[in-house]
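What follows is a set of notes on a single structure, which appears directly below.
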Amino acid sequence: MDTRKLAVFVDLAETRNYSWSAERLFLAQSTISKDIMALEKAWQVKLFIRAHRQVRLTRVGELLLPKVKAVLQREAELNQAITDQSWLGERPLVIQGLPSLPQYKAFHIMARFAKRYPNVKLKFSEAGVDKLEHALDQKNVDIVFTRIFTTTFPNYDVLTNEQDQFVVLVPKQNPLAQQPAISLEMLQSQSILLLRDTISKTNPLFKPFQAMKLHPHMTYDGQRVELLLEMLNQGTGVSVVMARSFDLAGFDNIQVVPLVPKVTSQLAFMKRRDNPSALVELFWQFATAETATLMSK
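Next up, the structure:
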């Protein structure tokens, strides 16, 4: 069946005017007339009554109209499905994110996306904040999930999922564990253990650390915060980390104390604005809708 003729029938049923339908469909008026007559001949029915320069549907035409619309809708859905399948599998969606991703809502968004679009190939890797800052500039990464302290990104789209803040992790036998809050000044006599991201130049703690001459006794350049937690759990040093970047299950000897003054960060997906990939846009639209749903709860 020629669905183009069906589309002509539906449009003429709306305009009730051959000239208007010809303009809307970018066809000649004679083509509109031929298509309608071809349908009427094939179906052996009269679809329109033409009298005194007026056009109206016959009773049969009115009965067939919703069925024809349904056929066109199914064709549109089929074409979309074919189109989707053609580009969903053409290449992987490359995402880089924080090692602590499972602690945040973004992890659930990615998991739901993978379930909703099983044909999409996801390629995920971990990286520190300092590397994620430049990952999109290399143009071999589609999306990053990272921690940001500013909202000025002229070349990127930013989708914020939630907020986090710095806390101090202290072994319970350390006197600081009894404090309601801990300032940087109170850390000057402590053995400080840090992830390298904590003292990167984009971090608000970088300048205060420099000004107070706070030098970490150990800086961990890897991705496993559990190594720091194990040392703290055994009573070695103190650490400054983001409150939701770790899981204390199995580390019963660690006390979490707020850092003052309060320093917060935003957790966000980011992408380049000039990335033309339909796959990236599909993920971005999905993540935007999921973020709105999660934030409304």
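So for the sequence shown, my numbering puts the first residue at 1; every next one is plus one. Just so you know, even glycine gets a beta-carbon here, dropped at the ideal spot from N, CA and C. Keep in mind the model is a prediction, meaning the values are calculated, not measured.
Nonlocal neighbours in the same chain, by C-beta distance under 6 Å from residue i, ignoring five residues either side
i	result
Leu294	Lys105
CB of residue i within 7 Å of CB of residue j, strictly
i	j	result
Ala13	Leu64	no
Lys67	Gln165	no
Leu27	Leu72	no
Phe149	Pro99	no
Thr291	Asn161	yes
Ala22	Ile32	yes
Phe251	Asn233	yes
Ile95	Ala287	no
Asp130	Ser200	yes
Leu271	Asp197	Leu is not the amino acid found at residue 271; the sequence shown has Lys there. Against a cut-off of 7 Å, the Cβ pair of Asp197 and Lys271 comes out as no contact.
Residue interval of the alpha helix (DSSP H) (run including residue i)
i	result
Gln188	Segment: none, Gln188 is in no alpha helix (DSSP H) and carries neither H nor E.
Ser33	Gln29 to Trp43
Glu23	Tyr18 to Leu25
Leu228	Val225 to Asn233
Glu133	Val129 to Ala135
Phe149	Neither: Phe149 is in no alpha helix (DSSP H) and is coded neither H nor E.
Lys123	No alpha helix (DSSP H) contains Lys123, which is instead part of the beta strand (DSSP E) from Leu122 to Glu126.
Supposed contact pair residue j and residue i - C-beta distance, whole angstroms, cut 8 Å
i	j	result
Gln227	Phe246	With the sequence shown as reference, residue 227 is identified as Leu, and Gln is not the correct amino acid for it. Not confirmed; about 11 Å, so no contact.
Val257	Leu176	7 Å
Ser265	Arg147	5 Å
Pro180	Asn253	Between Asn253 and Pro180 the Cβ distance is about 20 Å, and since that is not below 8 Å, they are no contact.
Glu126	Gly97	7 Å
Where the beta strand (DSSP E) containing residue i begins and where it ends
i	result
Pro208	Counting along the chain, Pro208 falls outside any beta strand (DSSP E), though it belongs to the alpha helix (DSSP H) covering Phe206 to Ala211.
Thr160	Tyr156 to Pro171
Phe9	Run containing Phe9: none in the beta strand (DSSP E); it sits in the alpha helix (DSSP H), Thr3 to Thr15.
Phe246	Looking at the DSSP string, Phe246 is not in any beta strand (DSSP E), and its letter there is neither H nor E.
Lys271	Thr264 to Arg272
Close Cβ partners of residue i (< 7 Å) along its chain, the five nearest in sequence each way excluded
i	result
Val167	Val241, Ala243, Val256, Val257, Pro258 and Leu259
Leu169	Leu232, Val238, Ser239, Val241, Ile254 and Val256
Below 8 Å, can you find three or more Cβ-Cβ pairs linking the stretch 134-148 to the stretch 276-284? A contact exists between the stretch 134-148 and the stretch 276-284.
Would you be able to state if there are at least three C-beta pairs under 8 Å between the stretch 207-227 and the stretch 186-197? Contact between the stretch 186-197 and the stretch 207-227 is present: 3 or more CB-CB pairs across the two stretches fall below 8 Å.
Check whether the stretch 91-102 touches the stretch 121-134, counting contact only when three or more Cβ pairs, one atom from each stretch, lie closer than 8 Å. Segment contact: the stretch 91-102 against the stretch 121-134, three or more CB-CB distances shorter than 8 Å; contact assigned.
Decide if the stretch 15-34 is in contact with the stretch 48-55; the criterion is three or more beta carbon pairs, one per stretch, under 8 Å apart. By the Cβ criterion, the stretch 15-34 is in contact with the stretch 48-55, since at least three pairs of Cβ atoms, one from each stretch, lie closer than 8 Å.
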